[in-house]
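Asker: Got a structure for you, written out below as structure tokens; questions coming shortly.
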Amino acid sequence: MASAGLSEELSCSICLSIYKNPVMLTCGHNFCNDCISVTLLKKGTIDTNLGANYFKRVPDIKNIDEVRISVKLERTLNSFIDNLPKLKTNRGFLVNTVSDMILNVNTADVNIALSQNLKDASHTDKEKSRPHHPERFTTQQVLSINKYSSGKHYWEVNTSETGDWSVGVTYNSIKRKNETSYIGKNHKSWCLTWIDNDLIAEHDDDSDDICDYAPDLGIYLDYEGGFLSFYDLSEPIEHLHTFNTVFTEPLHAAFYLNDDAWVKM
Numbered sequence: 133m134a135s136a137g138l139s140e141e142l143s144c145s146i147c148l149s150i151y152k153n154p155v156m157l158t159c160g161h162n163f164c165n166d167c168i169s170v171t172l173l174k175k176g177t178i179d180t181n182l183g184a185n186y187f188k189r190v191p192d193i194k195n196i197d198e199v200r201i202s203v204k205l206e207r208t209l210n211s212f213i214d215n216l217p218k219l220k221t222n223r224g225f226l227v228n229t230v231s232d233m234i235l236n237v238n239t240a241d242v243n244i245a246l247s248q249n250l251k252d253a254s255h256t257d258k259e260k261s262r263p264h265h266p267e268r269f270t271t272q273q274v275l276s277i278n279k280y281s282s283g284k285h286y287w288e289v290n291t292s293e294t295g296d297w298s299v300g301v302t303y304n305s306i307k308r309k310n311e312t313s314y315i316g317k318n319h320k321s322w323c324l325t326w327i328d329n330d331l332i333a334e335h336d337d338d339s340d341d342i343c344d345y346a347p348d349l350g351i352y353l354d355y356e357g358g359f360l361s362f363y364d365l366s367e368p369i370e371h372l373h374t375f376n377t378v379f380t381e382p383l384h385a386a387f388y389l390n391d392d393a394w395v396k397m
């Protein structure tokens, strides 16, 4: 017999009852079949003709921990995305909104050009004259001066459709040279990458396809909760991907830029 606490964890986050005829969305989250169908149709998120291709049956709920994490994550994301429009117009609401994101010139590769206010970055074929620094990348990357070791934080990044880019976070202890220093290609960094007209999520050299180009990204970091979420800020706002992990070091915003790509904070 499940305890009351366990029953709550196994409850559908829409009807708040134990799963009935559970289905799993393609993003991996679980709901009652009737609940999610009605909710998505009301929001205009899916077309009535999509049918079974949009979600698949959950044959058995065998791993209680996975379901618990999934439900907790879904509730967190639902709460955040519902409040995101308010957050965009009321800075400081809900989380610490980062309006003073500053790029660290000492980490910038010589092929990364920075704006005078250190809020914008772009790839350039003309190398910049910069002194040697132990934190400087030899790959086309740059980190923020800002670092986060606790709390909840949100910032926005405008991205180019040209070139290749990666936007995410990393520990400062990431390597500065060779292929293992690229964000998303090691266990110290998490990012979304735009390459070959595809948007993918990357961590530890593992990747998942996300969607087409998203020009404006919202990034939500819950350090203690272990969540790093990305949102497409086009109307309507869409959740793109969430990494769920245990962060063990302070995090910096991180950017990779190639072939004339650029980002603006």
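Residue numbers for the sequence shown follow the numbering used here, so the first one is 133 and each next one is one higher.
All C-beta atoms in this analysis are idealised placements derived from N, C-alpha and C, irrespective of residue type, glycine included.
How about the region 248-263 and the region 349-369: do they share at least three Cβ pairs that are nearer than 8 Å?
Answerer: The region 248-263 is not in contact with the region 349-369.
Asker: Near E140, what residues of its chain come up, given a Cβ to Cβ distance below 7 Å and the 5 sequence neighbours on each side ignored?
Answerer: Position 8 of the sequence shown, counting from 1, holds the residue named residue 140. Residue confidence is low: E140 scores 48 on pLDDT, short of 50, so the model does not pin down where it sits. Its coordinate-derived value is still stated next. Around E140: no qualifying Cβ.
Asker: Within the continuous beta strand (DSSP E) that includes G300, where are the two ends?
Answerer: For the purposes of this step, residue 300 is taken as residue 168 along the sequence shown, with counting starting at 1. Here the beta strand (DSSP E) through G300 covers D296 to Y303.
Asker: Bridge partners of H255, per DSSP?
Answerer: Here residue 255 refers to the residue found at position 123 of the sequence shown. Answer by DSSP bridge pairing, in chain order: I244.
Asker: Counting Cβ pairs, one atom from each stretch, are 3 or more of them under 8 Å apart for the region 301-314 and the region 266-273?
Answerer: They touch, by the three-pair rule.
Asker: Spatial neighbours of N390 within its chain, please: CB distance less than 8 Å, with the 5 preceding and 5 following residues excluded, ordered by chain position.
Answerer: As a first step, residue 390 is located in the sequence shown; it is residue number 258 there, counting from the start. Contacts found: H255, Q272, G295, D296 and W297.
Asker: Would you report the Cα separation of E356 and V395, rounded to the nearest angstrom?
Answerer: Counted from its first residue, the sequence shown places residue 356 at position 224. Counted from its first residue, the sequence shown places residue 395 at position 263. Going from the Cα of E356 to the Cα of V395 covers about 27 Å.
Asker: Name the DSSP beta bridge partners of E367, please?
Answerer: Within the sequence shown, residue 367 is the residue found at index 235, counting from 1. DSSP lists no partner for E367.
Asker: Nearest-angstrom Cα distance between T180 and Y314?
Answerer: Counted from its first residue, the sequence shown places residue 180 at position 48. Counted from its first residue, the sequence shown places residue 314 at position 182. A caution first: T180 carries a pLDDT of 40, below 50, which makes its placement in the model too unreliable to give a value.
Asker: Three-state secondary structure (DSSP) at S313?
Answerer: Within the sequence shown, the letter at position 181 stands for residue 313. In this structure, S313 counts as helix in the three-state DSSP scheme.
Asker: Can you name the start and end residues of the beta strand (DSSP E) that S339 belongs to?
Answerer: Locating residue 339 in the sequence shown gives position 207, counting from the first residue. Counting along the chain, the beta strand (DSSP E) containing S339 begins and ends at D338 to C343.
Asker: What do you reckon, are the CB atoms on H335 and W322 nearer than 8 Å?
Answerer: Taking the first residue of the sequence shown as position 1, residue 335 is located at position 203. Taking the first residue of the sequence shown as position 1, residue 322 is located at position 190. In contact: H335 and W322 (Cβ atoms closer than 8 Å).
Asker: Considering just the uninterrupted stretch of the beta strand (DSSP E) at E334, what are its terminal residues?
Answerer: Along the sequence shown, one-based indexing puts residue 334 at 202. Counting along the chain, the beta strand (DSSP E) containing E334 begins and ends at D330 to H335.
Asker: For K317, which of D338, I244 and S361 has the nearest alpha-carbon?
Answerer: The residue given as residue 317 occupies position 185 in the sequence shown. Among D338, I244 and S361, the Cα nearest to that of K317 belongs to D338.
Asker: What's the call for T374, buried or exposed, on a 16-neighbour Cβ count within 10 Å?
Answerer: As a working mapping, residue 374 is identified with position 242 in the sequence shown. When all chains shown are included, T374 counts as buried.
Asker: Indicate the three-state DSSP secondary structure (helix, strand or coil) for F187 in the structure shown.
Answerer: Start at 1 with the first residue of the sequence shown, and residue 187 comes out as number 55. Unreliable positioning characterises F187 in this predicted model, as indicated by a pLDDT of 45, which lies under 50. A coordinate reading is not provided.
Asker: On a CA-only basis, which of L349, S292, A245 and L372 is nearest I342? Give me that one, please.
Answerer: In the sequence shown, residue 342 corresponds to position 210, counting from 1. Cα-wise, what sits closest to I342 is L372.
Asker: In its own chain, which residues sit with a C-beta less than 6 Å from the C-beta of T377, not counting the 5 before and 5 after it?
Answerer: Translated into the one-based positions of the sequence shown, residue 377 becomes position 245. Once the five neighbours on either side are set aside, the close Cβ partners of T377 are G358.
Asker: Can you tell me where the beta strand (DSSP E) holding Q273 begins and where it ends?
Answerer: For the purposes of this step, residue 273 is taken as residue 141 along the sequence shown, with counting starting at 1. Q273 to Y280 is the extent of the beta strand (DSSP E) around Q273.
Asker: Determine the burial state of D330: buried for a count of at least 16 other Cβ atoms within 10 Å of its Cβ, exposed for fewer.
Answerer: Walking along the sequence shown from the start, residue 330 turns up at place 198. The residue is exposed, with fewer than 16 neighbouring Cβ atoms inside 10 Å.
Asker: So, using beta-carbon positions, are A393 and S261 closer together than 8 Å?
Answerer: Numbered from its first residue, the sequence shown carries residue 393 at position 261. Numbered from its first residue, the sequence shown carries residue 261 at position 129. Going by C-beta atoms, A393 is not nearer than 8 Å to S261.
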